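If you read the sequence shown in our numbering, its first letter stands for residue -9, the second for the next number, and so on.
We put the CB at the ideal spot given by N, CA and C, even for glycine.
In this text, all values refer to a predicted model and were calculated from it rather than measured experimentally.
These notes concern the structure reproduced below.
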Amino acid sequence: MLAARQLRSVKKFKLWKFISYMRCKCGAEAVYKLNQYKLAFCNSCYPRFYESLVARNIKKYKMILPNEKVLVCISGGKDSCATLSALKALGHNVEALHINLGIKNFSKICKRVVLEIAKILDVKLHVVELKDYGFTIDAVRRKKICSVCGTAKRYLMNKFAREHDFDVIATGHNSEDITIFGIKNIINQNAPWLASLKPRAESFDPKIVTKIKPLFERTEKENLYYVKALDLPYVKERCPYTPKNKWYADKITLATIAQSFARGLARPIQNAQKRNYCKMCGELTNREICAFCKAIKRYSL
Ligand code: SF4
Ligand code: ZN
């Protein structure tokens, strides 16, 4: 008898949860359902909820200090578009930077979207052309094309931000990016890179600008829902060089994981000790010539 009553109340509870899951708290029909919060939102309530989560993280990790000028790096993808929109909506002093990488038709689409979103959000946009430095990503004929691309993006955004007096650089890294990158660097025992994964990675040299990741705890899905709810443009196409399988492309196998344990802690200590300025451009590097200058020499058009 008691068991039957309990069963009925469990069923009632589940039905109530199901009904509440179909409706936003404002009463409107829910469009976005987020399992991790057990909440659902309509188109107009979701952006405010998302921005409150971003604001909470910025405060918790002290990502942006009062009066800091923020340069948001925007590729045109949903994550960077969400970063720019959320920081602007939260009242931060932001400008945007887009790096045109020179990737077939893809870079043209990205630039078009970025120009559009900057106009919609009324944000000042700066565009840096990689070809002005002598090469494009299309000219990189090697397997690790993404590694050269990453070097170029990090180099150019840091140089631009420093030369234009920005206090911090914001990127659109989401929680999935950070998790994959973190695991890779734990396996490779790369302590300096792990330090760069903090929500606010403080400048450690006058040449390096502080970096922040306002979407540190946001998932791809949350970011996608945000740009969709606001009807913001974003690049839906994938870069033609996107690795088919990130783990395989980085050659992480059980053997490499085992080898990393065999190396012990030797690598991070060695890496942490090296710090030079590039003989060609003067930027920070741990070699004589930085990776960006090497890429210019190798892939010049
Ligand atoms: Fe650059 Fe690789 Fe990303 Fe394409 S997929 S934009 S080449 S990092
Ligand atoms: Zn250099």
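Burial state of residue i, where buried means 16 or more other Cβ atoms lie within 10 Å
i	result
lysine 287	exposed
valine 217	buried
asparagine 57	exposed
methionine 147	buried
lysine 203	buried
isoleucine 173	exposed
arginine 208	buried
serine 290	exposed
valine 104	buried
proline 196	exposed
isoleucine 259	Note that isoleucine 259 scores 45 on pLDDT, short of 50, meaning its location in the model is unreliable; the coordinates nonetheless yield the value given after this. The residue in question, isoleucine 259, is exposed, as its Cβ has fewer than 16 Cβ neighbours within 10 Å.
glutamate 278	exposed
alanine 18	exposed
cysteine 268	buried
phenylalanine 125	buried
Residue range of the beta strand (DSSP E) that includes residue i
i	result
alanine 30	29 to 31
lysine 201	200 to 202
lysine 134	Premise fails: lysine 134 is in no beta strand (DSSP E) and is neither H nor E.
leucine 222	Counting along the chain, leucine 222 falls outside any beta strand (DSSP E), and DSSP gives it neither H nor E.
leucine 184	Note, leucine 184: premise wrong, no beta strand (DSSP E); alpha helix (DSSP H) at 181 to 185.
isoleucine 89	83 to 90
isoleucine 159	158 to 160
leucine 205	First-last for leucine 205: undefined, no H or E at that position.
glutamate 119	115 to 119
Residue from the options with nearest C-alpha to residue i
i	options	result
valine 199	Phe206, Leu205, Ala191	Ala191
aspartate 155	Val84, Lys264, Ile176	Val84
phenylalanine 206	Met53, Gly67, Glu19, Lys114	Met53
serine 137	Tyr40, Lys284, Val113	Lys284
threonine 169	Ala181, Glu212, Leu187	Leu187
aspartate 167	Ser70, Leu222, Tyr123	Ser70
leucine 55	Tyr215, His82, Cys271	His82
tyrosine 215	Asn266, Pro230, Phe31, Ala108	Phe31
asparagine 33	Lys234, Cys14, Lys264	Cys14
lysine 133	His88, Cys280, Tyr231	Tyr231
tryptophan 183	Ala248, Asn276, Ile64	Asn276
alanine 45	Lys264, Leu24, Ala72	Ala72
tyrosine 27	Phe125, Lys201, Glu212	Glu212
Supposed contact pair residue j and residue i - C-beta distance, whole angstroms, cut 8 Å
i	j	result
lysine 78	leucine 43	With a Cβ gap of about 16 Å, lysine 78 and leucine 43 do not count as contacting.
valine 62	alanine 160	5 Å
valine 113	leucine 74	6 Å
glycine 67	glycine 140	With 8 Å as the limit, glycine 67 and glycine 140 do not qualify as a contact, their Cβ atoms being about 15 Å apart.
alanine 76	tyrosine 40	7 Å
glutamate 273	tyrosine 145	7 Å
asparagine 95	leucine 120	Not really, about 16 Å apart at Cβ, beyond 8 Å.
aspartate 157	lysine 59	5 Å
isoleucine 99	isoleucine 127	Contact doesn't hold; Cβ gap of about 14 Å is too wide.
Range covered by the alpha helix (DSSP H) that runs through residue i
i	result
alanine 18	Unbroken run through alanine 18: none, as it is neither H nor E.
valine 60	Per DSSP, valine 60 belongs to no alpha helix (DSSP H); it is in the beta strand (DSSP E), 59 to 63.
asparagine 95	94 to 111
asparagine 175	165 to 177
asparagine 47	36 to 50
leucine 74	68 to 79
lysine 287	281 to 289
Residue i Cβ short of 8 Å to the ligand ATP heavy atom set
i	result
glycine 140	This structure lacks the ligand ATP; the ligands present are the ligand SF4 and the ligand ZN.
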